[in-house]
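A quick write-up on the structure given underneath.
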Amino acid sequence: MSMDRRQFLKIAGISSVLGLGATAASATHSIWTKGLSPEEVDKNKEALLAKRWAMVVDMSKFKTEDDFKKVFEACHLTHNVPDFRNADGSVNKKDEIKWIWEAPYEKAFPGQDNKYMSEHIKDMPFIVACNHCENPPCVRVCPTKATFKLPNGITMQDEHRCIGCRFCMAACPYGARSFNWRDPRTAIKNENKEYPTRTKGVVEKCTFCTERLAVGKLPACVEAAPKGGMLFGDIEDPNSEIRKIVTNQYTIRRKSDLGTGPAIYYIVGGSDHA
Amino acid sequence: MLEKALEGSKTYWAWLMFLGALAMVGAYYYYQQFTYGLGLTGLHRDVTWGLYIGQFTFLVGVAASAVMLVIPHYLHDYKTFTKIVILGEFLAISAVIMCILFIMADMGQPMRVVNIFLHPSPTAMVFWDTVVLNGYLFINLLVGWVTLGSDRKGIAPPKWIKPWIYLSIPWAISIHTVTAFLYAGIPGRHFWLSAIMAARFLASAFAGGPALLIILALIVRKISKFDVGKEAIQAVGRIVAYAMFANVFFLGLEFFTAFYSGIPGHAESFLYLYTGLEGHSELVPLMWTSTVFAAISLFMLWVPAIRKNEVTLVLACIMLFISLWIDKGFGLIIGGFVPNPFEEVHTYWPTVPETMITIGIWAIGFLVLSMLYKIAITVREETAGIEIEH
Amino acid sequence: MKLYDGGKIFIGLIVFLAFATFPFYFNIGKVNAKPEPKVDTPAIQEWEKLNGKKECVESKEFMRTEHMQLLNNWRDMVVREDKRGYISNSSHKRFNMSLQNGCMNCHSNKKKFCDECHNYMSVKPYCWDCHIQPKEKEENKS
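Residue numbers (our numbering), protein chains in the order written: chain A, 1 to 274; chain B, 1 to 390; chain C, 1 to 142.
Set out below in structure tokens:
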């Protein structure tokens, strides 16, 4: 068989591409399938389980500044959330990272106020964080599935996979997400050695303390809140506390008309629930 | 044909050196950003996309605009565009390269970008944008190279290139539609949540891209013997006029919905951009410049006498390009983030490193463009007089 | 047959060879000791007392070649599947799938263990950008 140089080069080129490609594909196939079989891994016996974790917040139980501070610090210290506040204590809007914080009523629930409402009510602080929506826009837009839904309803964050495109931050209607604009380790004063930090260039947010749930503990904020201030449970369990509250009392959720299905319910008017 | 980019006059090389130097400066600042983090930009928790993504959004439009030459020429046999099509395709290539560079500059963890392909996410518009942008780059490289190579030999391009040319038409529309979908499906940001977003994007793309092309074609005519033809310039000018009218009209439609409905969420971003909100009016002068330029350029393009005069035509195109750059490359992005989900106003302005990186990437884009155009010009000059068969 | 531009070709070849063999002649004379990862931390010694032998999650041979893949799999299991327990194939004991709170409990001497091989192989895993390294104690304290 005689062929000219051009044909030879074409055939050589295509076969080497196919050869390399096949080798690469088989190699990656073996790496990716060398996983763990279902028998090799399981949940801890003491793990708390749910079909859909949700939270009920009763702001009437929060009486002092300290009540709020305990909640935010419990979360931020447990999870090595950096504190970029300026030397005088003012907020550093540029580098700020927060998983849970307070916002006044008129800002947490925009459009729900009216001009005759007292300033007192407009300024009433509400604890806000990621709502772990049922239909989260952030999960929809993430190009790498670095943010995704766990089967138990938690909107989780995979910091190993995040490429830092910040699309999830644009998509979140609640402003719940923060980005590491710089190395966070410079601003962590009291490291929790049992939890990692993040690195620059990734997005982070509340994860409903999935690592605590795995060892049978409630989320840090819930534990630190005043009695009855923050309740946590399985909203799809008809016998759970929070299900009973949400069914029998009037609760509101932030921007519920957007169809996101937030999982944090705020009791209006207080309750006797303890 | 590549060697033609490496042969040129002293002016050509001086121009390349200048662009190279700007690119080096950009690279230096990018290294700073890479080691420190994106905190070197003016971005913050409430405005998470700024200059980089704005430039990317704008340049996708410029890239898509090649289709305005491809459709008449290849689909409808409009011979007037025979010489100019290659300039549009090469502009698309350099624009897409700039888009990719801007996205890479904006990533928090650029080393992990491969994750988009390792863990594809069909619901994510960014995933589709990556796919279609890379595909468009490939198509334009293929089509541009093959057609120019055939022109150089004085023969018709091989038949197998035709399907690729036809593919580039819907593909061009798709790259800008997908980019618009990045914004148009976000539930929390009412400034962007508009069905007409994709249509606006396409209209501004088909105005801005060809406007740049007119400017470039006239520069090419001045510095070389390659003349795309007076008719071609005028035809592109007419396309720019119609597209700009559509763009301005669509913007007007947005204003109507926002203000007539009276819904504060829809109107507040417009107020921030055009009148200032809560004492913050940093973007107001820019946005009004954009509006005034748009109005003047539209008028100039509309009046045939002004459009037919190539000097005033160029002036109109420059104003139009600047106007659209401000509107799409800056105002659109910032407007979506201000006010934030808590209805607070936290503003954004690019920093020096951010600006230098942006200029560096534009320099790389123009570097690629200059080299590609040098090849195209040389081929056209060599084959002047020989009829091109497309 | 005439070799055109022969001078330039030979110069180019020599420059290329200089670059290609650089790692070799640059390191001549440098002593690079074989890595000796130490597995004698207090925690490991405790384990040995309780179990009669030193045991890792899997055998030494397996861990040497597969610990990277194992950690990758653990990472996905914990973060993405919310599973935390791993049953060892060799000892059938249950381990907590965690680098920071699992592996490093025994291997708390990162410098004398992890870094020994990593430095030798010039590998720089970025785990430690986020996962907090255990504080290294002084050699003679226990």
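Positions of the beta carbon are idealized from the N, C-alpha and C atoms, including for glycine.
Here the structure is a predicted model, which means the values were calculated and not measured.
- prompt: Considering only C-alpha positions, which residue in the set M230/A, W181/A, F62/A is nearest to K98/A?
  reply: Translated into the one-based positions of the first sequence, residue 98/A becomes position 98. Closest in alpha carbon position to K98/A, among M230/A, W181/A, F62/A, is W181/A.
Inter-residue spacing [alpha-carbon to alpha-carbon] between I252/A and Q45/C: Within the first sequence, numbered from 1, the residue matching residue 252/A stands at position 252. Within the third sequence, numbered from 1, the residue matching residue 45/C stands at position 45. Going by C-alpha positions, I252/A is about 56 angstroms away from Q45/C.
- prompt: Would you say R182/A faces chain B, with C-beta separation under 8 angstroms as the test?
  reply: Locating residue 182/A in the first sequence gives position 182, where the first residue counts as 1. It does: the Cβ of R182/A has a partner Cβ on chain B nearer than 8 angstroms.
Among I333/B, L19/B, M68/B, Q33/B, nearest to A241/B - alpha-carbon criterion: Sequence index remark: in the second sequence, residue 241/B carries index 241 (1-based). Restricting attention to I333/B, L19/B, M68/B, Q33/B, the CA atom closest to the CA of A241/B is found in M68/B.
- request: Would you kindly check if the distance between the Cβ of T351/B and the Cβ of L40/B is under 8 angstroms?
  value: Sequence index remark: in the second sequence, residue 40/B carries index 40 (1-based). Sequence index remark: in the second sequence, residue 351/B carries index 351 (1-based). In contact: L40/B and T351/B (Cβ atoms closer than 8 angstroms).
message: If I measure Cβ to Cβ from P353/B and keep anything under 8 angstroms in the same chain, skipping five residues before and after, which residues do I get?
response: Translated into positions along the second sequence, residue 353/B becomes position 353. Within the same chain, P353/B has close Cβ partners Y29, Q32, Q33, L40, T41.
Cα-Cα separation, V268/A to Y174/A: Indexing the first sequence from 1 puts residue 268/A at position 268. Indexing the first sequence from 1 puts residue 174/A at position 174. Note on geometry: alpha-carbon atoms of V268/A and Y174/A lie some 19 angstroms from one another.
- request: Give a yes or no on whether the minimum CB-CB distance between R140/A and chain B is below 8 angstroms.
  value: Along the first sequence, one-based indexing puts residue 140/A at 140. Taking 8 angstroms as the CB threshold, R140/A lines the interface with chain B.
task: Counting only runs of 4+ residues fully inside the region 19-105 of chain A, write out the alpha helix (DSSP H) ranges in chain order.
output: The qualifying runs are 65-78.
task: Under 8 angstroms Cβ to Cβ from N169/C, same chain only, skipping five residues before and after it: list those, please.
output: Residue 169/C lies beyond the stretch modelled for chain C, which goes from 1 to 142, so this question has no answer here.
query: Is there a Cβ from chain B that is less than 8 angstroms from the Cβ of L20/A?
result: Working through the first sequence from its first residue, we reach residue 20/A at position 20. L20/A has a beta carbon lying at 8 angstroms or more from every beta carbon in chain B.
message: Any beta carbon of chain A sitting closer than 8 angstroms to that of G102/C?
response: Locating residue 102/C in the third sequence gives position 102, counting from the first residue. For G102/C, no CB of chain A lies under 8 angstroms from its own CB, so it is not counted at the interface with that chain.
message: Here's a check: name, in chain order, each residue in its chain whose Cβ is nearer than 8 angstroms to the Cβ of P37/C, leaving out the five neighbours to either side.
response: One-based indexing of the third sequence puts residue 37/C at position 37. Only K112, F113, C114, E116, C117 meet the Cβ criterion.
- request: Taking a Cβ distance cut-off of 9 angstroms, strictly less, list which residues of the region 194-226 of chain A are near chain C, in chain order.
  value: Cβ contacts with chain C: E194, Y195, P196, T197, R198, T199, K200, V202, T210, E211, L213, A214, V215.
query: Nearest-angstrom Cα distance between F84/A and W49/B?
result: By 1-based counting over the first sequence, the position of residue 84/A is 84. By 1-based counting over the second sequence, the position of residue 49/B is 49. For F84/A and W49/B, the distance between alpha carbons rounds to 21 angstroms.
- prompt: Between V41/A and chain C, is there a C-beta pair that is closer than 8 angstroms?
  reply: Position 41 of the first sequence, counted from the first residue, corresponds to residue 41/A. So, interface residue.
Selection from K227/A, K200/A, P151/A that minimises the alpha carbon distance to T35/B: Position 35 of the second sequence holds residue 35/B. Residue K200/A is the option with its Cα nearest to T35/B.
message: Within 8 angstroms, do at least three Cβ pairs link the region 133-148 of chain B to the region 167-183 of chain B?
response: Cβ pair count under 8 angstroms is three or more, so yes.
Cβ neighbours of D106/B in the same chain (closer than 8 angstroms, five flanking residues each side left out): In the second sequence, counting from the first residue as 1, residue 106/B sits at position 106. Correct list, in chain order: L38, W49, Y52, I53, F56.
- prompt: So, are the CB atoms of A195/B and A211/B less than 8 angstroms apart?
  reply: Mapped onto the second sequence, residue 195/B falls at position 195. Mapped onto the second sequence, residue 211/B falls at position 211. No, Cβ-Cβ distance for A195/B and A211/B is not below 8 angstroms.
field: Spatially closest choice to E191/A from A24/A, T64/A, A74/A, T23/A, by CA coordinates
entry: Walking along the first sequence from the start, residue 191/A turns up at place 191. Of the listed residues, the one whose Cα sits closest to E191/A is A74/A.
message: For the alpha helix (DSSP H) containing N247/B, name the first residue and the last one.
response: The count along the second sequence starts at 1 and reaches residue 247/B at position 247. Segment 230-261, the alpha helix (DSSP H) holding N247/B.
- prompt: Quick one, are the C-beta atoms of I214/B and I186/B less than 8 angstroms apart?
  reply: As a working mapping, residue 214/B is identified with position 214 in the second sequence. As a working mapping, residue 186/B is identified with position 186 in the second sequence. It is not a contact, given that the beta carbons lie outside the stated cut-off.
task: Identify each residue in the region 82-97 of chain C for which the Cβ-Cβ distance to at least one residue of chain A is less than 9 angstroms, and report them in chain order.
output: Result list: D82, K83, R84, G85, Y86, I87, S88, N89, R94, N96, M97.
message: Run through chain A and tell me which residues come within less than 8 angstroms of F18/B, C-beta to C-beta.
response: Position 18 of the second sequence, counted from the start, is the residue given in the question as residue 18/B. Neighbours of F18/B in chain A, taken as residues at a C-beta separation under 8 angstroms, are lacking, since the least C-beta distance is about 32 angstroms.
Helix, strand or coil at I326/B according to DSSP, with G and I counted as helix: By 1-based counting over the second sequence, the position of residue 326/B is 326. Helix at I326/B.
- prompt: Start and end of the alpha helix (DSSP H) containing N73/C?
  reply: By one-based count along the third sequence, residue 73/C stands at place 73. Annotation: the continuous alpha helix (DSSP H) that includes N73/C extends over 60-81.
field: When T358/B, V47/B, L301/B, S281/B are compared against I318/B, the one with the closest alpha-carbon
entry: Taking the first residue of the second sequence as 1, we reach residue 318/B at position 318. For I318/B, the nearest C-alpha among the options comes from L301/B.
- prompt: How long is the line joining the alpha carbons of E138/C and K110/C, rounded to whole angstroms?
  reply: In the third sequence, the residue the question calls residue 138/C occupies position 138. In the third sequence, the residue the question calls residue 110/C occupies position 110. Caution applies to E138/C, whose pLDDT of 48 falls short of 50 and renders its modelled position unreliable; the model cannot decide the point.
Alpha-carbon to alpha-carbon, S90/A and E96/A: Here residue 96/A corresponds to residue number 96 of the first sequence, with the count starting at 1. Here residue 90/A corresponds to residue number 90 of the first sequence, with the count starting at 1. If I take the Cα positions, the gap works out to 11 angstroms.
- request: Return the bridge partner residues of M230/A from the DSSP annotation.
  value: Looking up residue 230/A in the first sequence gives position 230. DSSP, once it has assigned bridges, lists V57/A as partnering M230/A.
message: Is there a Cβ of chain D sitting closer than 8 angstroms to that of N44/A, yes or no?
response: The structure shown has no chain D; the protein chains it does contain are A, B and C.
query: Quick one: any contact between the region 6-16 of chain B and the region 299-316 of chain B, if contact means 3 or more CB pairs under 8 angstroms?
result: In short, these stretches do not touch, since the Cβ pair count stays below three.
query: From T111/A to M230/A, what distance separates their C-alpha atoms?
result: By one-based count along the first sequence, residue 111/A stands at place 111. By one-based count along the first sequence, residue 230/A stands at place 230. Here residue 111/A is Gly; the residue named in the question, Thr, does not match the sequence. If I take the Cα positions, the gap works out to 25 angstroms.
query: Among the residues of its own chain, which have a CB less than 6 angstroms from the CB of I127/A, if the five just before and after it don't count?
result: In the first sequence, residue 127/A corresponds to position 127, counting from 1. Cβ within range, chain order: V57, E102.
field: Same chain, Cβ closer than 8 angstroms to M371/B, five either side skipped, listed in chain order
entry: Here residue 371/B refers to the residue found at position 371 of the second sequence. Within the same chain, and ignoring the five residues on either side of M371/B in sequence, the residues whose Cβ sits closer than 8 angstroms to its Cβ are A5, L16.
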